[in-house]
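Undergrad:
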Amino acid sequence: MPRPTASRKAQRYHSAAELIERWFHERQRSLPWRERYDPYEIWISEVMLQQTRMEVVLGYFSRFIERFPDVMALAAASEGDVLTVWSGLGYYRRARFLLQAARQIRDQHGGMVPNDFDSLRKLPGVGRYTAGAISSIAFDEPRPIVDGNVARLLARFEGLHDPLGSTALAAHEWRSAEQLVRCSSSPRVFNQGMMELGALVCRAPLPACSECPVSHFCVAFAKGLTGELPVRKTGKEAVPMALPLFIVRDERGRILMRKQSGPLMDAMYHLPHGSSDLLGGYAKSSFRAGELLLSFRHTITHRRIRFDVFAATLVDGLAEGAGEFAWIAPEELESIPHPSYVRKAVEGLVTKACRARA
Ligand code: SF4
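What follows is the structure, encoded as structure tokens:
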């Protein structure tokens, strides 16, 4: 393909932007945050969608908006309240940043999500992508966005051979996204069209080019490289590890849990466990492990963990100052902040007990 001149390149971007906008009008999925384009809802949805699949986000989004319908309601919440609603969605730093940012918006912007990019960037947890998404989708400002779907699409559309995750690829893609959005008639429609096209048509590992509105302008399509682009970076190997969990019950069948801090999942309720770098640990010798009740696997970031769940008893009672312990009935789990592995363990125990009774 000959190197395009500046005017041919501009024409290509104008035509592609127009086609993508038209395609989005016809094919967009109906999503709750697209009903009103409320800036608060756009912000919450964009934060939830980072590192989380759309199907998972939908249920969490509705519950979150029901519980915290606007900035003021979120700003008035406690961290525990927010983490409870977020429980199971993972990457809990996002929830803490949302709370901090809501308080900043209440104190500095009168409770209204700011409509300028620079003010958005000053909010905790709001980077270039999220500020661009709120500016363009909520306020129709011509700001570029490059998420995972857009990155894959642009690597193919522009025929870029730098590996995913590389600085060179990111720089090229953000430049292209900026030029493209400036050629659009509505940044809100265009940016969502790019994300939707990446999610539904320009998919990994193989795109459905016959359904693509911009195949005529796509470098990878013209060169037969759609299966080779984007170039994958060499993946980080999952680190296998094993962690025993201890189920200590009181006379009412409630389970001992502990609100604790560690490198991950700060200030949430955990099951007592064997010492590990991941969760901070509580001396294994404080529990006498009995029967192995169940085992399951769970991945947390790049760690692939096998959890072995043991019935256990406390050896010397609860150590003073060893954290905030609580007795939690399985049906109370939804009312406390807890990570997904705790839910898996408790649900596994409940299912096992039901089977035993049947
Ligand atoms: Fe992606 Fe194919 Fe469209 Fe190119 S033509 S942008 S590879 S779906």
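Heads up: the sequence shown begins at 611 in my numbering, then just goes up one per residue. Just so it is clear, CB atoms sit at the ideal spot from N, CA and C, and this is done for glycine as well. Note that this is a predicted model, so its numbers are computed, not measured.
If you check the beta carbons only, do Pro947 and Thr694 fall under 8 Å apart?
TA: Locating residue 947 in the sequence shown gives position 337, where the first residue counts as 1. Locating residue 694 in the sequence shown gives position 84, where the first residue counts as 1. Yes; because the gap between Cβ atoms is below 8 Å, this pair is in contact.
Undergrad: Output the distance between the C-alpha atoms of Met611 and Val841, rounded to the nearest integer angstrom.
TA: Mapped onto the sequence shown, residue 611 falls at position 1. Mapped onto the sequence shown, residue 841 falls at position 231. Because Met611 carries a pLDDT of 49, less than 50, the predicted location of this residue cannot be relied on, and the following value inherits that uncertainty. The alpha-carbon atoms of Met611 and Val841 are separated by roughly 20 Å.
Undergrad: One question on the structure: do Leu708 and Gly742 come within less than 8 Å of each other, judged by their Cβ atoms?
TA: Residue mapping note: residue 708 aligns to position 98 of the sequence shown, counting from 1. Residue mapping note: residue 742 aligns to position 132 of the sequence shown, counting from 1. No.
Undergrad: Measuring only from the beta carbon, is Val811 closer than 7 Å to any heavy atom that is part of the ligand SF4?
TA: The sequence position of residue 811 within the sequence shown is 201, counting from 1. Correct: Val811 has its Cβ closer than 7 Å to the ligand SF4.
Undergrad: Could you pull the start and end residues of the beta strand (DSSP E) that Tyr647 belongs to?
TA: Along the sequence shown, one-based indexing puts residue 647 at 37. Unbroken run through Tyr647: none, as it is neither H nor E.
Undergrad: For the beta strand (DSSP E) that contains Ser786, what are its first and last residues?
TA: Locating residue 786 in the sequence shown gives position 176, counting from the first residue. Counted as a single uninterrupted DSSP element, the stretch harbouring Ser786 is not any beta strand (DSSP E) but the alpha helix (DSSP H) occupying residues Thr777 to Arg792.
Undergrad: Between Gln802 and Ile747, is the Cβ-Cβ spacing less than 8 Å?
TA: The residue given as residue 802 occupies position 192 in the sequence shown. The residue given as residue 747 occupies position 137 in the sequence shown. Yes, the Cβ-Cβ distance between Gln802 and Ile747 is below 8 Å.
Undergrad: Under 8 Å between the Cβ atoms of Asn712 and Val681?
TA: Numbered from 1 along the sequence shown, position 102 holds the residue referred to as residue 712. Numbered from 1 along the sequence shown, position 71 holds the residue referred to as residue 681. As written in the sequence, residue 712 is Ala, which differs from the Asn given in the question. Result yes, Cβ atoms of Ala712 and Val681 sit closer than 8 Å.
Undergrad: On the DSSP letters alone, give me the boundaries of the beta strand (DSSP E) that Ile857 sits inside.
TA: The count along the sequence shown starts at 1 and reaches residue 857 at position 247. Its beta strand (DSSP E) spans residues Val849 to Ile857.
Undergrad: Beta-carbon within less than 7 Å of Leu659's beta-carbon, same chain only, minus the 5 sequence neighbours each way: which residues are those?
TA: Translated into the one-based positions of the sequence shown, residue 659 becomes position 49. Counting only Cβ-Cβ distances below 7 Å, and skipping sequence neighbours, we find Val667.
Undergrad: Answer with buried or exposed for Cys812, where buried requires no fewer than 16 other C-beta atoms within 10 angstroms of its C-beta.
TA: What you label residue 812 is simply residue 202 of the sequence shown in a count that begins at 1. So Cys812 counts as buried.
Undergrad: Taking Leu959 as part of the beta strand (DSSP E), name the residues at either end of that continuous run.
TA: As a first step, residue 959 must be located in the sequence shown, where it is residue number 349. Run containing Leu959: none in the beta strand (DSSP E); it sits in the alpha helix (DSSP H), Ser950 to Arg967.
Undergrad: So what does DSSP say about Lys619, is it helix, strand or coil?
TA: The residue you call residue 619 lines up with position 9 of the sequence shown. Helix at Lys619.
Undergrad: For Ala555, count the other beta carbons within 10 Å of its own beta carbon; 16 or more makes it buried, fewer makes it exposed. Which is it?
TA: Since the first residue shown for the chain is 611 and the last is 968, residue 555 is missing from the structure and cannot be characterised.
Undergrad: Three Cβ pairs or more, each shorter than 8 Å: is that satisfied between the stretch 852-859 and the stretch 916-927?
TA: yes
Undergrad: Taking DSSP as the reference, what is the three-state secondary structure of Glu838?
TA: Taking the sequence shown and counting its residues from 1, the one referred to as residue 838 is at position 228. It is coil, neither helix nor strand.
Undergrad: Under the rule that 16 or more other beta-carbon atoms within 10 Å means buried, what is Thr777, buried or exposed?
TA: By 1-based counting over the sequence shown, the position of residue 777 is 167. Thr777 should be labelled exposed.
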